[in-house]
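A short write-up of the structure that comes next.
Numbering (this note's numbering), first residue to last: 58 to 263.
What follows is the structure in structure tokens.
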């Protein structure tokens with residue numbers, strides 16, 4: 058949902074930077090890897106230390122690499138599958154680092170097991186959302202549907218975590234994680250239903 062409405066805006070914002078990077082011989086793969094490393098450092102270093110606000114600021118500085126590398130690839134007219142594979146794979150590393158970092162802090166110094174548990178459940182549900190789409194596309198189906206895609210999950214997590222780091226009650230983050238987990242479960246159902254519908258259409262006898 059956010060991808061649909063925000064992609065045009067962020068493309069316009071980051072196109073000059075993408076052009077500048079290409080001019081200085083920076084490749085899309087370099088941006089993808091650097092962005093993922095930055096997000097992972099924020100998630101697995103800042104968050105476990107309880108630096109929720111500054112960790113979020115640090116992560117935000119790298120999270121838009123996912124937009125920039127795509128702009129660069131389009132400017133280079135790259136249509137190969139390697140870039141998409143690398144981007145999708147490293148996205149899973151980044152997502153895992155963010156939710157794991159939140160869970161580690163609240164299981165340890167944060168002292169809030171409920172948030173830790175929900176962060177883990179949200180991570181698992183989010184991974185399933187991504188896996189279902191990837192598996193469906195590998196079989197020739199389209200599963201690009203649902204109310205909780207990656208952008209929604211990340212924005213919600215980062216905003217709530219950053220606000221808690223500023224002193225907002227932790228219940229905000231707990232509620233956000235519960236809602237994200239539920240939304241991810243709904244999205245899993247939506248994607249499985251979409252694939253099942255396409256499979257029946259392609260093979261009515263099944």
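Heads up, the beta-carbon is just placed ideally off N, CA and C, and yes, glycines get one too.
Check: With a threshold of 16 other CB atoms inside 10 Å of the CB of residue 140, please say whether the residue is buried or exposed.; Outcome: buried
Check: Whose CA, out of 178, 110, 194, lies closest to the CA of residue 242?; Outcome: 178
Check: I'd like to know whether the C-beta atoms of residue 71 and residue 121 end up nearer to each other than 8 Å.; Outcome: yes
Check: Near residue 247, which residues of its chain fall below 6 Å by C-beta distance, leaving aside the five closest residues on each side in sequence?; Outcome: 202, 203
Check: Using 10 angstroms around the beta-carbon of residue 230, count the other beta-carbons present and answer buried if the total reaches 16, otherwise exposed.; Outcome: buried
Check: Just how far apart, CA to CA, sit residue 220 and residue 113?; Outcome: 9 Å
Check: Excluding the 5 residues flanking residue 235 on each side, which residues of the same chain have their C-beta closer than 7 Å to its C-beta?; Outcome: 175
Check: With DSSP as the reference, label residue 79 as helix, strand or coil.; Outcome: helix
Check: Can you tell me whether residue 104 is buried or exposed? The criterion is at least 16 other CB atoms within 10 Å of its CB, across all chains shown.; Outcome: buried
Check: Do you know offhand how far residue 158's Cα is from residue 211's?; Outcome: 13 Å
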